[in-house]
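Novice: In UniProt numbering, the protein residues as written are 1 to 228.
Heads up, the beta-carbon is just placed ideally off N, CA and C, and yes, glycines get one too.
Computed from a prediction, not measured in an experiment: that's the story for all the values here.
1) Are residue 205 and residue 177 closer than 9 Å when you measure CB to CB?
2) With distances taken from CA atoms, which of 49, 152, 222 is nearest residue 203?
3) From this set, 148, 144, 117, which residue's C-alpha is nearest residue 167's C-alpha?
4) List the DSSP bridge partners of residue 117.
5) Candidates 71, 161, 157: which alpha carbon is nearest residue 214's?
6) Considering residue 78, what are the terminal residues of the alpha helix (DSSP H) in which it resides?
7) Mark residue 91 as exposed unless 16 or more other C-beta atoms lie within 10 angstroms of its C-beta, in which case mark it buried.
8) Just to check my reading of the structure: residue 121 and residue 130 have Cβ atoms closer than 8 Å, yes? What is that Cβ distance to the nearest angstrom?
9) Quick check on the burial criterion: 16 or more other C-beta atoms within 10 angstroms. Buried or exposed for residue 109?
10) Going by the DSSP bridge assignment, what does residue 141 pair with across the sheet?
11) In this structure, does DSSP put residue 223 in helix, strand or coil?
12) Report the rounded CA-to-CA distance for residue 207 versus residue 66, giving the unit in angstroms.
13) Please report the residue range of the beta strand (DSSP E) in which residue 166 lies.
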């Protein structure tokens with residue numbers, strides 16, 4: 001009796017093993033992997049995510065380039081303001097002579113050009129030279145230049161030094177304020193005497209710039225000391 005029951009159990013176990021290795025079981029195993037449709041969907045999702053990541057990275061790089069350009073433009077603008085402020089602050093009343101020998105005022109101002117004599121000329125090598133310097137601001141082809149000469153009374157063959165202060169300057173307008181609060185488009189004015197027949201003095205210089213990146217700017221530089 002016990003032997004018959006053991007034989008039946010053995011036969012049942014063998015049948016179970018055969019069923020587990022049947023073709024149907026193999027099909028069940030293959031169905032646990034990825035189908036072609038699932039792979040295509042996964043690739044499509046990955047492509048979309050990669051495109052979004054690339055677009056985000058591209059925008060970040062563009063923003064970084066724009067930020068760097070704006071930083072450089074702002075630094076150039078600040079440098080221009082500082083340079084002009086120092087030139088006006090160190091203005092002195094020493095007149096000069098042009099290459100033809102004609103006398104020029106210490107400050108000669110026009111609507112788009114300004115020439116002046118300033119002190120505080122740098123001399124790091126301690127050469128024997130004057131501490132005064134003649135210079136000029138000038139707008140030419142949308143570039144604002146600062147020109148300077150090694151001597152005050154320049155000859156025709158005197159070489160000037162020219163540096164760029166600011167690029168992309170669409171317009172430059174200069175005005176000159178006297179001690180009575182009147183504005184002039186040139187200095188010295190055509191009528192240098194006031195109503196009291198006293199010599200007019202220059203108190204401030206107004207600089208109006210139209211810069212491509214910043215629009216219209218207005219700077220007012222006050223003279224520390226007023227000279228005739």
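Specialist: If we stick to the structure as given:
1) The residue given as residue 205 occupies position 205 in the chain shown. The residue given as residue 177 occupies position 177 in the chain shown. Yes.
2) The sequence position of residue 203 within the chain shown is 203, counting from 1. The shortest Cα separation from residue 203 among 49, 152, 222 belongs to 222.
3) For this step, residue 167 is matched to residue 167 along the chain shown. Taking only the C-alpha atoms, the option nearest residue 167 is 144.
4) Numbered from its first residue, the chain shown carries residue 117 at position 117. According to DSSP, residue 117 bridges with 134.
5) Counting from one through the chain shown, the residue named residue 214 turns up at place 214. Residue 71 is the option with its Cα nearest to residue 214.
6) Reading the chain shown from its first residue, position 78 is the one you call residue 78. Counting along the chain, the alpha helix (DSSP H) containing residue 78 begins and ends at 36-89.
7) Translated into the one-based positions of the chain shown, residue 91 becomes position 91. When all chains shown are included, residue 91 counts as buried.
8) Mapped onto the chain shown, residue 121 falls at position 121. Mapped onto the chain shown, residue 130 falls at position 130. Sure, about 7 Å apart at Cβ, within 8 Å.
9) Here residue 109 refers to the residue found at position 109 of the chain shown. It counts as buried.
10) Within the chain shown, residue 141 is the residue found at index 141, counting from 1. In DSSP, residue 141 forms no bridge with anything.
11) Numbered from its first residue, the chain shown carries residue 223 at position 223. DSSP places residue 223 in coil when its eight states are reduced to three.
12) Position 207 of the chain shown, counting from 1, holds the residue named residue 207. Position 66 of the chain shown, counting from 1, holds the residue named residue 66. C-alpha separation (whole angstroms): 27 Å.
13) For the purposes of this step, residue 166 is taken as the residue at position 166 of the chain shown. Looking at the DSSP string, the run of the beta strand (DSSP E) that includes residue 166 is 161-166.
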